[in-house]
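What follows is a single structure, written as structure tokens, with notes after it.
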Ligand code: TRP
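This is the structure:
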């Protein structure tokens, strides 16, 4: 029997290269070997966007379209909306008893996010909500209710998987063996740098290459990308390892990488022609996604159907796990 994969993504913006190489590429690869569930995590997105419901709502469809365009195959993967599975919220409440407050505050991912909020809003007390600090508990519910054996994620998510594993062990110890302890499956790439050289590509940083960027947008963005600042003239030797253009060549131009690197190092490659080659390769890489996107944009009813059928299937699965959970917890009054 195929193993189950459960993973999730927050509907807060368009998919970019960071999402693709950090996570989605791996989901596309794994979907043939595993029974795959991909959750559109709207409830989790609301934990720090509760005051922007329209943004989250609009991005649910956008993200589904993005995932399908990126190669998530609805024949192989169940795509579903988190808020449509009330059993996840119910399970989050039960798991709330198994995690201490200090453990939540110690979670490195949450810690980093709280520090970022502090930097943005100053007063921590006003911005850190109960729901926000508790989202790792809700994520543990996401994973375990679908009996996710493997969770393909980027490195930043490891502390959340660890939290889920602890909850499972505690649950099984107290209520008897019921839940499966999930294992993380790390992506090949860690973090994808932004066009500006920032360690992270992110919408709020304005340094993304989006998967649905047009050819014109790709050209403009790559022509503006940062290269080796010490290279002044076209035939100066340069260091590709400090150049963002070379960095993206490594992602989409693997076959010609040695040439790009040696020509750049020897001063045999001008930045403009190097950028032009990258633009061409980037467009080749994005083209199949553009084609799939065009198809789904022309057939919005198919996207709706994929979401509603996926959600229905996910709900059945969640209900059956919940039945076992309630039996173990002795709150199975109806059966
Ligand atoms: N926390 C993940 C993110 O921010 C999204 C997510 C929600 C998730 N539920 C999940 C990831 C379950 C893995 C498993 O990207």
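Numbering (my numbering), first residue to last: 1 to 335.
Beta carbons are placed, not taken as given, at the ideal position from N, Cα and C, and that holds for glycine.
Being a predicted model, the structure only gives us computed values, none of them experimental.
{"Asked": "Counting Cβ pairs, one atom from each stretch, are 3 or more of them under 8 Å apart for the stretch 13-20 and the stretch 192-205?", "Found": "yes"}
{"Asked": "Taking the beta strand (DSSP E) that residue 77 belongs to, which residues open and close that run?", "Found": "77-81"}
{"Asked": "Buried or exposed: which applies to residue 56, given that a residue is buried once 16 or more other Cβ atoms fall within 10 Å of its Cβ?", "Found": "buried"}
{"Asked": "With a threshold of 7 Å, establish whether the CB of residue 48 neighbours any heavy atom of the ligand TRP.", "Found": "no"}
{"Asked": "For residue 196 and residue 22, I'd like the C-alpha separation in whole angstroms.", "Found": "18 Å"}
{"Asked": "So if DSSP puts residue 183 in a beta bridge, which residue, or which two residues, is it bridged to?", "Found": "150"}
{"Asked": "For the stretch 253-310, list the alpha helix (DSSP H) runs that are entirely contained and at least 4 residues long, ordered along the chain.", "Found": "257-266, 271-298"}
{"Asked": "Out of 224, 152, 105, point me to the one whose CA is closest to residue 136's CA.", "Found": "105"}
{"Asked": "How many angstroms separate the CA atom of residue 283 from the CA atom of residue 299?", "Found": "24 Å"}
{"Asked": "Would you check if the distance between the CB atom of residue 252 and the CB atom of residue 281 is smaller than 8 Å?", "Found": "yes"}
{"Asked": "What are the residues that DSSP puts in a beta bridge with residue 36?", "Found": "5, 77"}
{"Asked": "Measuring CB to CB, does residue 261 end up less than 8 Å from residue 231?", "Found": "no"}
{"Asked": "Using 8 Å as the threshold, is the C-beta distance between residue 145 and residue 329 below it?", "Found": "no"}
{"Asked": "So which of 70, 88, 248 has the shortest CA-CA distance to residue 294?", "Found": "70"}
{"Asked": "Could you please give the first and the last residue of the uninterrupted alpha helix (DSSP H) stretch that includes residue 177?", "Found": "Residue 177 -> no alpha helix (DSSP H), and no H or E assigned at all."}
{"Asked": "So who's on the other strand from residue 189, going by DSSP bridges?", "Found": "For residue 189, which the question treats as bridged, DSSP gives no partner whatsoever."}
{"Asked": "Among the residues of its own chain, which have a CB less than 6 Å from the CB of residue 154, if the five just before and after it don't count?", "Found": "22, 23, 187"}
{"Asked": "For residue 26, does the three-state DSSP call read helix, strand or coil?", "Found": "helix"}
{"Asked": "Assuming contact is defined by CB atoms lying nearer than 8 Å, are residue 79 and residue 27 in contact in what I supplied?", "Found": "no"}
{"Asked": "Cβ atoms of residue 74 and residue 65: under 8 Å apart, would you say?", "Found": "no"}
{"Asked": "Go through its chain and collect everything with a Cβ distance to residue 108's Cβ below 7 Å, but skip five positions before and after it.", "Found": "159"}
{"Asked": "Whose C-beta lies closer than 6 Å to the C-beta of residue 236 among residues of the same chain, with five residues either side of it excluded?", "Found": "267"}
{"Asked": "Starting from the Cα of residue 171, find the closest Cα among 291, 8, 96 and give me that residue.", "Found": "96"}
{"Asked": "Cβ-heavy atom distance between residue 9 and the ligand TRP below 7 Å?", "Found": "yes"}
{"Asked": "From 148, 180, 147, 290, pick the residue whose C-alpha is nearest to that of residue 213; which is it?", "Found": "290"}
{"Asked": "Considering just the uninterrupted stretch of the alpha helix (DSSP H) at residue 65, what are its terminal residues?", "Found": "53-70"}
{"Asked": "Going by other Cβ atoms of all chains shown within 10 Å of its Cβ, with 16 needed for buried, is residue 228 buried or exposed?", "Found": "buried"}
{"Asked": "What did DSSP end up calling residue 210 once you bin it into helix, strand or coil?", "Found": "strand"}
{"Asked": "Along the chain, where does the alpha helix (DSSP H) containing residue 95 start, and where does it finish?", "Found": "86-95"}
{"Asked": "Can you tell me whether residue 143 sits near the ligand TRP, meaning its C-beta is under 7 Å from at least one heavy atom of the ligand?", "Found": "yes"}
{"Asked": "Given the structure, does residue 41 come close to the ligand TRP, in the sense that its CB is under 7 Å from one of the ligand's heavy atoms?", "Found": "yes"}
{"Asked": "Report the residue from 62, 225, 4, 127 whose alpha carbon sits nearest the alpha carbon of residue 47.", "Found": "127"}
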